[in-house]
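What follows is a single structure, written as structure tokens, with notes after it.
There are 2 protein chains.
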Amino acid sequence: MPQLSTRISTLNAGGSDGWGVFYRARKMIAQGIPVTELTIGEHDIRTEHSILEAMAASAKGGHTGYAMVPGIQPLREAIAQRVTDRTGVPTTPDNVLITPGGQSALFSAHIAALSPGDTALYIDPYYATYPGTLRAASGTPVAIPTRSKDAFLPQKSDITAAAKAHSAKSLLINSPNNPTGTVYPDQTLQDIAQACIENDLWLISDEVYDTQIWEGHHLSPRALPDMADRTLVVGSMSKSHAMTGSRVGWILGPERAISCLIDLATTTTYGVPGYIQDAALFALTQGPDFEEKIAAPFRRRRALSLEILEKQTTVKAIPSSGAMYLMLDIRATGLSGEAFANALLDAHHIAVMPGESFGQSAAGHIRLALTVDDDRLSAALTTLCSFAKGLTDDT
Amino acid sequence: MPQLSTRISTLNAGGSDGWGVFYRARKMIAQGIPVTELTIGEHDIRTEHSILEAMAASAKGGHTGYAMVPGIQPLREAIAQRVTDRTGVPTTPDNVLITPGGQSALFSAHIAALSPGDTALYIDPYYATYPGTLRAASGTPVAIPTRSKDAFLPQKSDITAAAKAHSAKSLLINSPNNPTGTVYPDQTLQDIAQACIENDLWLISDEVYDTQIWEGHHLSPRALPDMADRTLVVGSMSKSHAMTGSRVGWILGPERAISCLIDLATTTTYGVPGYIQDAALFALTQGPDFEEKIAAPFRRRRALSLEILEKQTTVKAIPSSGAMYLMLDIRATGLSGEAFANALLDAHHIAVMPGESFGQSAAGHIRLALTVDDDRLSAALTTLCSFAKGLTDDT
């Protein structure tokens, strides 16, 4: 075999990824052991039937040939209108490229921002694919650590120091945040914007959880002064409309960047199925009540989780105001996130993600996805807390 | 706006692309002018209803969450079995990655083969997205010219010379060929394999037209001695099953390469909708009769076109034995392909692709897609031939 390129052989570089717990849990389930899975960000509902009916009608109606590569015009228009309404930033279809999912949007945005070897900054803890995505785009990923005591919010001085030290070209942020559940306050976003302007960085803003806000509000940094021209926003139907498997998302950005990104789409994906775009258009026109229906279970489960957690001393919740996750500080047990998660899985058949899966800043933490029904979640969380307390009683 | 990366701003570099004729034709159609479009490789039928029924049943049955990134196991198995049966090369699911279309497979294969800046060879004339795809993968595209008199078949000496001059890492071929309709003979493929082995090149073999063979047979170069370990095959459901818009394809390759390509898929696309994979699986199990039904119109139209063309002296067909295209040599008219195509569109509202759209080797030629019904095709071709003859009579 000829050599594989270094970039493709090293996508997963960077030490233990903590996904061992996830795979062990899946193996136990396959063996018939009932495991409560609080691992991945997959809704416990399926895509709404009416959306699938719209898709089937479009396909059977003949929308099965090549769709326009930038996306069908009505969907680009609907997203432009939605973004204008929600953020106040005048947005036209020429600011929108439809992509086969948010992951493709993330990757493409970095191809636009980086020349091979350029440094791309991202915030630790992070969504698991981030460093690999930056490497796939031939960038050099540099993590900006955050701290549990700051609710994992990035600090301007850290961003500026990293940008200057590495002549970085881009910064990737994610609010509402996976894995922490944090929604960045306005001040944090203003600081980030300032750091981007001062260091001439592209800001790549992953906003796929923007309909999952439990407290406060979501501010898209593209709406901040002078930021529309240097921000590429990643959006998706996955979380907001429970359409994870349909792989439909988008990038918002300056017209000239989107024009280049369309050329990239022509050569890397050649567009998104027309009938899926029709389904997405149908879903988007269902309005805020539909979106709240999809978000409601997570809103409810976060509230009931916090109620259980507020009585705890060993396990502490990171202040969370969005997204379908809760991050718990379990450092009082003296265990790493990975050791805790493995021990919990063995003792009680409850699977959670070690914080270490999401970067070193989240060591000694675990992440819960709020993706099982309320009763099962309550029971699992109560067991988890007793288990943690038991560990400290032992010592 | 911060600078865009050079690679994304120059994807379309390289002079006139000849797509002006296509866009002019589309504009005329929008104005209500009836144009016979023989431009792009889109079937004139829609995806079969039974395939769409299978898709709708899968989606409504709940296959709407994240699918496994490498592809669902039954589809990987079906493709592995199909490839084993058709080529004789033992192929397992671990040799198969499902991709969102052949274009994504082409791009991903080059990410695997190339480090940024490495030279990627390809054959001129070529499918229009090739050079942009190689640039998107941060490669340096180098075209290997072919000649009309050789039916545009690549010559080993040309490949070897280019490989050595540029220390190339890969060679991209496409048989059956778009735009020429040529099916590479065994000897040509053996020469190509030899050149790849001698120069340690990855062979990236785009075989998306492998069910459209009108004469002779299709040999997959992966089946040649010592080639399975250095060949990445690009496949797709688009042409074989009239599923262009569904964006489902695959890469075949050595297990280690596929394993790395799965990491790439995780960070660039995150898989293909499960219900589309179920539809593809259904389509693949319909067997050879179904595939022949999809291929038959092109087989028939090629035959009737050659019958019209064999009486011609001004316009000469390049010997074609596969794919849904015919390449015509119109150099006797004294016009470039682009000038001829523009004049034909103006005079007779018939749209064809200038050879120049597919590279400089095809200058003075035009490409016809056999994608309108037989009567309309016959009439258009007869008009085209008279028009060409008229041009020579004038001079």
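Order-wise, the sequence lines are chains A and B. For the first sequence, numbering that gives the first Met the number 0 puts the final residue at 394, and the numbers step up evenly by one. For the second sequence, numbering that gives the first Met the number 0 puts the final residue at 394, and the numbers step up evenly by one. Ideal placement from N, C-alpha and C gives every residue a C-beta, glycine not left out. Computed from a predicted model, the values in this text were never measured in an experiment.
Residues of its chain near residue i, where Cβ-Cβ distance is below 6 Å and the 5 sequence neighbours each way are ignored
| i | result |
| --- | --- |
| Q311 of chain A | C384 |
| G100 of chain A | R246, G248 |
| S320 of chain B | V182, W213, E214, G215 |
| V34 of chain B | A24, M27, I28, H348, A350 |
| P144 of chain B | D123, S360 |
| V253 of chain B | Sequence inspection shows Pro at residue 253 of chain B; the Val mentioned does not correspond to that position. Excluding sequence neighbours, P253 of chain B sits near D228. |
Three-state class that DSSP yields for residue i in the structure shown
| i | result |
| --- | --- |
| L390 of chain A | helix |
| Y65 of chain A | coil |
| M352 of chain A | strand |
| S335 of chain A | coil |
| N94 of chain B | helix |
| I7 of chain A | helix |
| K26 of chain A | helix |
| A278 of chain A | helix |
| G14 of chain B | Note on G14 of chain B: pLDDT 47, under 50, position unreliable in the model; the coordinate value appears next. Coil at G14 of chain B, not helix or strand. |
| I212 of chain A | strand |
| G31 of chain A | coil |
| G19 of chain B | helix |
| G270 of chain A | coil |
| G358 of chain B | coil |
| G244 of chain B | helix |
| H109 of chain A | helix |
| D228 of chain A | coil |
7 Å CB neighbourhood of residue i in its chain, flanking five on each side removed
| i | result |
| --- | --- |
| G14 of chain B | Annotation note: pLDDT 47 at G14 of chain B (below 50); position unreliable, coordinate value reported separately. Correct list: empty, nothing qualifies. |
| P1 of chain A | none |
| A162 of chain B | L120, A194, N198, L200 |
| F297 of chain B | Q211, M323, L369 |
| S377 of chain B | L303, I307 |
| A346 of chain A | F386 |
| D225 of chain B | I196 |
| L343 of chain B | I349, V351, L383, F386 |
| S169 of chain A | H109, A112, L113, A119, L120, L200, W201, I203 |
Closest by C-alpha distance to residue i, when choosing among the options
| i | options | result |
| --- | --- | --- |
| P175 of chain B | B:A194, B:L152, B:S166 | B:L152 |
| E309 of chain B | B:S258, B:L223, B:T381 | B:T381 |
| E41 of chain A | A:T159, A:I293, A:A194, A:Y65 | A:I293 |
| W201 of chain B | B:V233, B:D185, B:G215, B:Y208 | B:V233 |
| H109 of chain A | A:Y125, A:T230, A:L303, A:Q285 | A:T230 |
| A338 of chain A | A:P318, A:S235, A:L188, A:A362 | A:A362 |
| L367 of chain B | B:G389, B:A346, B:A340, B:G87 | B:A340 |
| D149 of chain B | B:A56, B:T179, B:R75 | B:T179 |
| T243 of chain B | A:P253, A:G270, A:G244, A:D225 | A:G270 |
| A56 of chain B | B:V371, B:F281, B:S8 | B:F281 |
| G333 of chain A | A:G286, A:P287, A:G389 | A:G389 |
| T187 of chain A | A:D209, A:N177, A:K155 | A:K155 |
| D117 of chain B | B:D328, B:A167, B:T46, B:I39 | B:A167 |
| T132 of chain B | B:M326, B:T9, B:D328, B:T265 | B:T9 |
| A264 of chain A | B:T98, B:H165, B:M67, B:S103 | B:S103 |
| T98 of chain B | B:L3, B:T38, B:S237 | B:S237 |
| F106 of chain B | B:L260, B:R300, B:V371, B:A379 | B:L260 |
| R301 of chain A | A:P318, A:D262, A:D185 | A:P318 |
For residue i, the residue or residues it bridges with in DSSP
| i | result |
| --- | --- |
| A119 of chain A | A:P140, A:S169 |
| W201 of chain B | B:S169 |
| G234 of chain B | B:W249 |
| L37 of chain B | B:V351 |
| A160 of chain B | DSSP output for A160 of chain B lists no bridge partner at all. |
| A222 of chain A | DSSP, once it has assigned bridges, lists no residue as partnering A222 of chain A. |
| K315 of chain A | A:D328 |
| G321 of chain A | A:I212 |
Cutoff 8 Å; reference residue i; Cβ partners in own chain excluding five residues on either side
| i | result |
| --- | --- |
| A127 of chain B | D16, W18, S356, F357 |
| A331 of chain A | T312, T313, V314, K315, A387, T391 |
| H217 of chain A | S174, P175, V182, E206, D209, G321 |
| I32 of chain B | H348 |
Unbroken beta strand (DSSP E) run spanning residue i, endpoints
| i | result |
| --- | --- |
| Y324 of chain A | 324-328 |
Boundaries (first-last residue) of the alpha helix (DSSP H) holding residue i
| i | result |
| --- | --- |
| A368 of chain A | Looking at the DSSP string, A368 of chain A is not in any alpha helix (DSSP H); the run it does join, the beta strand (DSSP E), is 364-368. |
| L133 of chain A | 129-135 |
| V82 of chain B | 72-86 |
| H42 of chain A | No alpha helix (DSSP H) holds H42 of chain A; DSSP gives it neither H nor E. |
| K292 of chain B | 286-308 |
| S49 of chain B | 48-59 |
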